[in-house]
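Q: Per our numbering, residue 17 is the first one in the sequence shown, and the count goes up by one each step.
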Amino acid sequence: MSKKLLIIGAGEFADIAYEYFTVDSDYEVAGFAVEAEFLTEEEKFGLPVVALETVETVFPASEVEAHVAVTSTKLNRIRARLIEIARSKGYTLANFISPHAMVWRTAELGDNVFIFENNVVQHGVKIESGCVLWSGNHIGHQTRIREHCFLASHVVVSGYCDIGARSFVGVNATFADNVKIGEDCFVGMAAAVNKSFDTPGQILNGNPAEAAKVSSYRYFRIKQ
Numbered sequence: 017m018s019k020k021l022l023i024i025g026a027g028e029f030a031d032i033a034y035e036y037f038t039v040d041s042d043y044e045v046a047g048f049a050v051e052a053e054f055l056t057e058e059e060k061f062g063l064p065v066v067a068l069e070t071v072e073t074v075f076p077a078s079e080v081e082a083h084v085a086v087t088s089t090k091l092n093r094i095r096a097r098l099i100e101i102a103r104s105k106g107y108t109l110a111n112f113i114s115p116h117a118m119v120w121r122t123a124e125l126g127d128n129v130f131i132f133e134n135n136v137v138q139h140g141v142k143i144e145s146g147c148v149l150w151s152g153n154h155i156g157h158q159t160r161i162r163e164h165c166f167l168a169s170h171v172v173v174s175g176y177c178d179i180g181a182r183s184f185v186g187v188n189a190t191f192a193d194n195v196k197i198g199e200d201c202f203v204g205m206a207a208a209v210n211k212s213f214d215t216p217g218q219i220l221n222g223n224p225a226e227a228a229k230v231s232s233y234r235y236f237r238i239k240q
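1) Inspect the CB distances between the stretch 117-132 and the stretch 50-58 and report whether three or more fall short of 8 Å.
2) Can the beta-carbon of PHE202 be found less than 9 Å from the beta-carbon of TYR176?
3) Do you know offhand how far LYS239's Cα is from GLY217's?
4) Check whether the Cβ atoms of ILE99 and SER145 lie closer than 9 Å to each other.
5) In angstroms, rounded to a whole number, what distance separates the CA positions of GLY62 and VAL45?
6) Starting from LYS20, trace the beta strand (DSSP E) in both directions and tell me its first and last residue.
7) Any idea which residues DSSP pairs PHE202 with across the strands?
8) How big is the Cα-Cα spacing for VAL187 and CYS147?
9) If you follow the alpha helix (DSSP H) that VAL39 is part of, which residue opens it and which one closes it?
10) Could you check what DSSP says for ILE94 in three-state terms: helix, strand or coil?
11) With a CB to CB cut of under 8 Å and the five nearest residues on each side skipped, what residues in its chain are close to GLU199?
12) Taking the straight line between their C-alpha atoms, what separation do you get for ILE219 and SER169?
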C-alpha cells in the first residue's frame, strides 16, 4: 500500500468505504473526519476520528488523499457539500472502483466516485464527480450520469441516456435508450422510465413511469 486515505464521514457508508478501500485498493486508510457537531467518537477501527473543520492540521492534504463517504441524504446535497469543503482544503479526491466491476477503457470518471462490485460501465459513458453506483448496475454506452448521483442496485440504464445531477435512482429501475431526466429527480424502485422528464425535481414511479404531483424538493424539504 503506497497511498494514505482520509475518509470523510463516520456512518455506515464510511464503514463500508473503509472495508472496500482496505481490501480492494492500494490505499491505506489513515483516519476519518466529520463535522464537529457530529463528532461523537475519537476512534473508528483503531484510527482517529477528527473534526473536519481542522482536519488539515492532523491529515495535511500534501500527505493524504480524501474520499467523502456519505449516502444520498437530502438528495445527495450533504455529500456534494462535503466534497466542496474537501476541495477547498486542497485534498485530492480518490475514487474507489471495485476490481470486480467492468469499467470500459473509454469511460470517463470524475473524482470521488464509488463503484461497487458487478457494475458494468460501457463504452463512452461519462460519470461525473461525486457519484455512487451500488452493486450490480448496467450503464449503457454513451450515457452521462451527472455529478453527485446515487444509483442503488440492479439499475439498468440503456444507451445515450442523461441522468440529471444529484438524482437518486432506486433498485431495479430501468431506462430506455435516449432518455433524459432533469436534475434532482427521485426515481422509485422498479420504475420503468421510457420517456424523458426534463423538468428538475420530479419523483418518478411506475411502469411506465409517471411524475408524481409532489416534487422531490417538497418531499425532501429542500429549499431551491
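Glycine included, every Cβ here is placed at the ideal spot set by N, Cα and C.
In this text, all values refer to a predicted model and were calculated from it rather than measured experimentally.
A: Here's the rundown:
1) The stretch 117-132 is not in contact with the stretch 50-58.
2) In this structure, PHE202 sits away from TYR176, with a CB-CB distance that is not shorter than 9 Å.
3) Counting only the Cα atoms, GLY217 lies some 11 Å from LYS239.
4) Judged by their CB atoms, ILE99 and SER145 are nearer to each other than the 9 Å cut-off.
5) In this structure, the CA atom of GLY62 is about 11 Å from the CA atom of VAL45.
6) Residues 19-24.
7) As computed with DSSP, PHE202 is found in a beta bridge with PHE184, ILE219.
8) Cα to Cα, VAL187 sits roughly 16 Å from CYS147.
9) Where VAL39 is concerned, the enclosing alpha helix (DSSP H) stretches over 28-40.
10) Here DSSP, grouped into helix, strand and coil, assigns ILE94 to helix.
11) Excluding positions up to five away in sequence, the list reads ARG162, GLY180, ALA181, ARG182, SER183, PRO216, GLY217.
12) Straight-line Cα distance between these residues: approximately 18 Å.
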